[in-house]
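Here is the structure we will look at, set down as structure tokens.
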Amino acid sequence: MRAMVLEQISNVAENDTPLQLRELPEPVAGEGEILVRVAACGVCHTELDEIEGRLPPPRLPVIPGHQVVGRVAATGGPDAQGLLQRSGLKPGDRVGVAWINSACGGCEFCTSGRENLCSGFGATGLDAHGGYAEYMTVRADFAHRLPDALTDVEAAPLLCAGAIGHRSLALTNLQDGQVLGLTGFGASAHLVLALARHRFPQSPKMVFARSSEERAFALELGAVWAGDTRDRSPQSCAAIIDTTPAWIPVVEALKNLQSGGRLVINAIRKESVDQSVLLELDYPEQLWREKEIKSVANVTRRDVREFLQLAAEIPLRPEVACYPLEEANRALVDLRRRHIRGAKVLVID
Ligand SMILES: [Zn+2]
Ligand SMILES: [Zn+2]
Numbered sequence: 060m061r062a063m064v065l066e067q068i069s070n071v072a073e074n075d076t077p078l079q080l081r082e083l084p085e086p087v088a089g090e091g092e093i094l095v096r097v098a099a100c101g102v103c104h105t106e107l108d109e110i111e112g113r114l115p116p117p118r119l120p121v122i123p124g125h126q127v128v129g130r131v132a133a134t135g136g137p138d139a140q141g142l143l144q145r146s147g148l149k150p151g152d153r154v155g156v157a158w159i160n161s162a163c164g165g166c167e168f169c170t171s172g173r174e175n176l177c178s179g180f181g182a183t184g185l186d187a188h189g190g191y192a193e194y195m196t197v198r199a200d201f202a203h204r205l206p207d208a209l210t211d212v213e214a215a216p217l218l219c220a221g222a223i224g225h226r227s228l229a230l231t232n233l234q235d236g237q238v239l240g241l242t243g244f245g246a247s248a249h250l251v252l253a254l255a256r257h258r259f260p261q262s263p264k265m266v267f268a269r270s271s272e273e274r275a276f277a278l279e280l281g282a283v284w285a286g287d288t289r290d291r292s293p294q295s296c297a298a299i300i301d302t303t304p305a306w307i308p309v310v311e312a313l314k315n316l317q318s319g320g321r322l323v324i325n326a327i328r329k330e331s332v333d334q335s336v337l338l339e340l341d342y343p344e345q346l347w348r349e350k351e352i353k354s355v356a357n358v359t360r361r362d363v364r365e366f367l368q369l370a371a372e373i374p375l376r377p378e379v380a381c382y383p384l385e386e387a388n389r390a391l392v393d394l395r396r397r398h399i400r401g402a403k404v405l406v407i408d
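Counting from 60, one number per residue, gives the positions in the sequence shown under our numbering.
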């Protein structure tokens, strides 16, 4: 099968072909696993973190990609029939695979609905091969049925940005009517804004973004105000979700937070370029008065499934830019340079 493979860590700014096109043997599903014929795979900022070594894969080479849409091609193990029955899946069924690839199932986190925090958490496209390929295998109980209302390319970006956006929004503890801020306005923030409009229709939404194009787009999508990352919003926010890879937006967001407000950082890794700004934190103005900072880590299967249901109800139609599998490097460079609007999706035929 064809796959785009990460063989060594490099900097995308200096190396515009960080992944290699390889012909690999088709993977074989093990016990409890299904083989998925991949149709589409979303391209996520986390892939840049893996490639550039902020989130280095434990083993190389690895096939990245954790927003996978495909169809069940086979089931593995000696009890393939039993697996089909237990999972309710059959060959040809459409499934999605998200960032959560495995969890131990027995620890205090797994048994209390917080499998995202399991110390044995395994991530798709990092700890296990992902969807930048024609085929991948996955545990049947970690594959998700997709609502018919979504096409393959529409469903793909929802599996990461959407699911984690849903989790971020839940972690804000926002009540309908309270002001919500979003700092950064990339693909995941577009989804959070649409989701917030559905779940908190009375809440004014403020968007902080560096580019004027992003600000104009935010207003189009229903923000009541859009300003620069360093601007003061007309009303202070009860909660702000940060989806940027940087630190300046975090420090600036704290200034726009109400007393008792919560800033949720939706990033698996931050880049270190502007980290020194944290030393300028002005405690009385930016953190005192019971302001909180909370990070989001991973997603649970429940987050993914709840979100897919909401996405079908709303319905959410993410704006996408499609690339053939072989052009994954171009998609990654476009993501890095913020060239193309919309979520980038690899289409595999
Ligand atoms: Zn992702
Ligand atoms: Zn666990």
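Glycine included, every Cβ here is placed at the ideal spot set by N, Cα and C.
| Asked | Found |
| --- | --- |
| State whether the segment 103-123 contacts the segment 178-193, with contact taken as three or more CB pairs (one from each stretch) at a distance under 8 Å. | yes |
| Is Cys-100 a contact residue of ligand 1, with contact defined as CB to any heavy atom under 7 Å? | no |
| I'd like the span of the beta strand (DSSP E) that includes Ile-324, first residue to last. | 316-324 |
| Pick helix, strand or coil for Asp-186, following the three-state DSSP scheme. | coil |
| Is it buried or exposed for Tyr-342, if we count other Cβ within 10 angstroms and need 16 for buried? | exposed |
| Examine the Cβ distances between the segment 237-250 and the segment 262-274 and report whether three or more of them are shorter than 8 Å. | yes |
| Tell me the DSSP secondary structure of Gln-144 in three-state form. | helix |
| Tell me whether His-125, by its Cβ, gets closer than 7 Å to a heavy atom of ligand 1. | yes |
| Between which two residues does the alpha helix (DSSP H) carrying Gln-368 extend? | 360-372 |
| With 16 as the cutoff for other CB atoms within 10 Å, does Glu-193 come out buried or exposed? | buried |
| Among Ala-312, Asn-160, Pro-116 and Gly-112, whose alpha-carbon lies nearest the alpha-carbon of Glu-92? | Asn-160 |
| Kindly indicate which residue of His-398, Ala-133, Ile-110 and Ser-247 has the alpha-carbon position closest to the one of Leu-375. | Ser-247 |
| State yes or no: is the C-beta of Ala-215 within less than 8 Å of the C-beta of Gln-126? | yes |
| Below 8 Å on the Cβ atoms is my contact criterion, and I expect Val-363 with Asn-175 to pass it. Report the Cβ-Cβ distance as a whole number of Å. | Incorrect: roughly 10 Å between the Cβ atoms, too far for contact. |
| Could you tell me which of Cys-381, Met-265, Val-379 and Arg-269 sits nearest to Leu-316, measuring between CA atoms? | Met-265 |
| Label Gly-124 either buried or exposed according to how many other C-beta atoms from any shown protein chain fall within 10 Å of its C-beta, with 16 as the threshold for buried. | buried |
| Who sits around ligand 2, taking every residue whose Cβ is closer than 7 Å to one of its heavy atoms? | Ala-162, Cys-163, Gly-164, Gly-165, Cys-166, Phe-168, Cys-169, Glu-174, Cys-177, Ser-178 and Gly-179 |
| Nearest to Leu-313 by CA position, among Gly-179, Glu-279, Leu-78 and Val-336, is which residue? | Val-336 |
| Can you tell me whether DSSP reads Thr-302 as helix, strand or coil? | coil |
| Return the first residue and the last residue of the beta strand (DSSP E) that Arg-226 is part of. | That residue, Arg-226, is in no beta strand (DSSP E); its alpha helix (DSSP H) goes 222-230. |
| For the beta strand (DSSP E) holding Ala-132, just list the boundary residues, first then last. | 127-134 |
| Measuring only from the beta carbon, is Thr-105 closer than 7 Å to any heavy atom that is part of ligand 1? | yes |
| If distances are taken between C-alpha atoms only, which option among Leu-142, Leu-65, Ala-133 and Gly-135 comes closest to Leu-114? | Leu-65 |
| Taking DSSP as the reference, what is the three-state secondary structure of Pro-216? | helix |
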